[in-house]
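Report on the following structure.
Number of protein chains: 2
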Amino acid sequence: MAENLKRNDGLPPAMTRLVKELSRLPGIGEKTASRLAFNLLNRPRDEVIALAEALLEMKERVGLCGECFGLSDAPRCPICADPGREHDLICVVEGPADLMAIERARTFAGVYHVLHGAIAPLDGIGPDDIKIAELIARVQGDGAAVREIIIATNATVEGEATALYLARALKPFGVKATRLARGLPAGGDLEYSDSATLASAISGRREL
Amino acid sequence: MAENLKRNDGLPPAMTRLVKELSRLPGIGEKTASRLAFNLLNRPRDEVIALAEALLEMKERVGLCGECFGLSDAPRCPICADPGREHDLICVVEGPADLMAIERARTFAGVYHVLHGAIAPLDGIGPDDIKIAELIARVQGDGAAVREIIIATNATVEGEATALYLARALKPFGVKATRLARGLPAGGDLEYSDSATLASAISGRREL
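Which chain is which? The protein sequence lines are W and X, in order. Under my numbering, residues 1041 to 1248 are what the first sequence spells out, in order. Under my numbering, residues 1041 to 1248 are what the second sequence spells out, in order.
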């Protein structure tokens, strides 16, 4: 008897569609998407509208800074446009999230250059696929004598490969290239540190 | 030197706003919200618009069925409107997600009644706060002789309390009230079952 019934999932099409769209997000499966959709259904109308508008506004407004390629809602981002920052000190990062992390540390007063990736031959990402030529152009450009370039790519195989490539590419311009220090993280416990971190901490030891 | 710099988080306001709105969702903290926002930023424009539109459409269209109080984009939901379903067999569930779960099991051919909660005195939720009066009205109403009411509230303290309350409230109408069977879940391992489940499985044993 139950066999010849027209079955659906008991959800109105508008809910099914929302669940489908939400489950496209990274790390969100169908179950989590359903939970989010039910939560949104029970939320005040203006909260849901605020989320939808924030999505549209982000896509409408946010682009890349023409100078550092960080996220910006203007042709030049607030950091590049700030005369108080040291424009001859450039910190090179893989992505906008790395830039945010360094800004949060509140110790860097220079400007940035966002590569939007790292060299990863296995994934088919070569030097021309990330914003390396744009960095070289900044160093060459308008005699704005860059004092130092801090290469702050990740401490991963790809990040290290990118750092090495950049160091070589920058050499002809006589710019000082540095790399972030590696060692124990703040609060790090020797006992639980991995060997690679400990090796870095030992080889990079500093005199007190 | 770095002290007198105007600091921000290095994010355009439109991104900050999106992160804030996303982190209102249940189980999504600020880190996950940032990750989602960056993912959305890198997605094609029409995918982000599709998500925003799905949100607005859901809020615009989805309401409750006037008969079973399940989610519906029409005054009467497809299940209540389906003449092929057994309208004298009502399955009472706590929420729309429970209705979906039972529909997925593809074995129930009756109709539903969604309570939108369970009696939970500790949380201040009494019988009048959920759709119990509406269920009684359906049983009393238009002589549509209800044959059986399956009380499919959760196997939790609140669900059991609600089931007990409903069984008593329905008694005067001479309607048969049943409760979902409790026992080992499909694929369940005796060794790893909790005592309450095992006790239910033993007391509810059936002859082969």
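Think of the CB as a built atom: it goes at the ideal place given N, C-alpha and C, for glycine as much as any other residue.
Check                                                                                                                      : Outcome
Counted within 10 angstroms of its Cβ, other Cβ atoms place Pro1123/X as buried (16 or more) or exposed                    : exposed
Cβ-based burial, Thr1147/X [other Cβ within 10 Å; buried from 16]                                                          : exposed
Distance between beta carbons of Leu1210/W and Ile1189/W, contact taken as under 8 Å                                       : 6 Å
Start and end residues, beta strand (DSSP E) containing Arg1219/X                                                          : Lys1216 to Arg1219
Inter-residue spacing [alpha-carbon to alpha-carbon] between Asn1194/X and Arg1222/X                                       : 11 Å
Contact under 8 Å by Cβ, Val1133/W with Tyr1152/W                                                                          : yes
Proximal residues, the region 1074-1097 of chain W versus chain A, C-beta separation under 9 Å                             : The structure shown contains no chain A; its protein chains are W and X.
Beta-carbon spacing of Asp1113/W, Pro1053/X below 8 Å                                                                      : yes
Residue-level contact to chain X via CB, Val1102/W, 8 Å cutoff                                                             : yes
Limits of the unbroken alpha helix (DSSP H) element including Arg1069/X                                                    : The sequence given here has Gly at residue 1069/X, not Arg. No alpha helix (DSSP H) holds Gly1069/X; DSSP gives it neither H nor E.
Cβ-based neighbour list, Lys1060/W, same chain, cut-off 6 Å, excluding 5 preceding and 5 following                         : none
Ala1054/X: contacting residues in chain W (beta-carbon distance under 7 Å)                                                 : Glu1097, Met1098, Arg1101, Val1102 and Asp1113
Neighbourhood of Ala1090/W by C-beta distance below 7 Å, restricted to the same chain and skipping five residues each side : none
Proximity of Leu1080/X and Leu1095/W at Cβ, strictly below 8 Å                                                             : yes
Endpoints, the beta strand (DSSP E) within which Leu1091/W is located                                                      : Premise fails: Leu1091/W lies in the alpha helix (DSSP H), Arg1085 to Arg1101, not in any beta strand (DSSP E).
Close-in-space but distant-in-sequence residues of the same chain around Arg1116/W (CB under 7 Å, 5 per side omitted)      : Cys1105, Gly1106 and Glu1107
Cross-chain neighbours of Glu1061/W in chain X, by beta carbon under 7 Å                                                   : Ala1090, Leu1091 and Ala1094
Among Ala1185/W, Thr1218/W, Pro1167/W and Arg1101/W, nearest to His1127/W - alpha-carbon criterion                         : Ala1185/W
Cα-Cα separation, Asp1168/X to Thr1072/W                                                                                   : 30 Å
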